[in-house]
Amino acid sequence: MAKTRPQARSWSLGELAEVVGGAVRGDPTLTITGVASLAEAQPGELAFYNNPRYRAALASTRACAVLIHEASADLVRGPAALVVADPYLSFARISAVVHPRPQPEAGIDARAVVEPGAQIDPSATVMALCFIAEGARVGPRAVLYPQVFL
């Protein structure tokens, strides 16, 4: 119980542009495997630029693409660019897509107490040390962490 499903996946730059409503400058089929800072990005990763203090890092990044504001898009020389109106919001949205929170497996941990008459949806997760009283209902995809009492 409480195992998580692996989320390993890659996206094309074009797919991520659709997520944030951005425009691709360069190859929209570039494969993106993660996000990172300009300084730490590796090939295959998307980096983020929105501050002139990091212009040197932009020039030397190893990222295959850079998320950047429309007004600064001409600064990108080497990597492809994903041009957006709000880089901060776009980076947050892309980060949530590329690195989603792990989802626990559905089921009821053997160390949980579920009284007769409790209703638990099959897609719900009930972790150890939970107590679900008679008449309680746990809905679809609900996640009850340890020591929840219903």
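Mapping of the sequence shown onto the numbering used here: residues 126 to 275, in sequence order. Just so it is clear, CB atoms sit at the ideal spot from N, CA and C, and this is done for glycine as well. Because the structure is a prediction, the values reported are computed rather than measured.
Can you tell me whether DSSP reads residue 170 as helix, strand or coil?
-> Here residue 170 corresponds to residue number 45 of the sequence shown, with the count starting at 1. Strand.
Determine the burial state of residue 272: buried for a count of at least 16 other Cβ atoms within 10 Å of its Cβ, exposed for fewer.
-> Start at 1 with the first residue of the sequence shown, and residue 272 comes out as number 147. Under this definition residue 272 is an exposed residue.
From which residue to which residue does the beta strand (DSSP E) around residue 191 run?
-> To locate residue 191, count along the sequence shown from 1; it is residue 66. Residue 191 -> beta strand (DSSP E) spans 190 to 194.
Looking only at C-alpha atoms, which of 185, 244, 218, 212 sits nearest to residue 197?
-> Mapped onto the sequence shown, residue 197 falls at position 72. Closest option to residue 197, Cα to Cα, is 212.
Nearest CA to the CA of residue 94: which residue from 200, 243, 217?
-> Since the first residue of the chain shown is 126 and the last is 275, residue 94 is not available in this structure.
Close beta carbons around residue 168, own chain, < 7 Å, minus the five adjacent residues each side | Sequence index remark: in the sequence shown, residue 168 carries index 43 (1-based). Cβ within range, chain order: 187, 189.
Beta-carbon proximity list for residue 231, same chain, < 7 Å, skipping 5 on both sides = For the purposes of this step, residue 231 is identified with residue 106 of the sequence shown, where counting begins at 1. Closer than 7 Å at the Cβ level, and outside the excluded window around residue 231, lie 247, 248, 249, 250.
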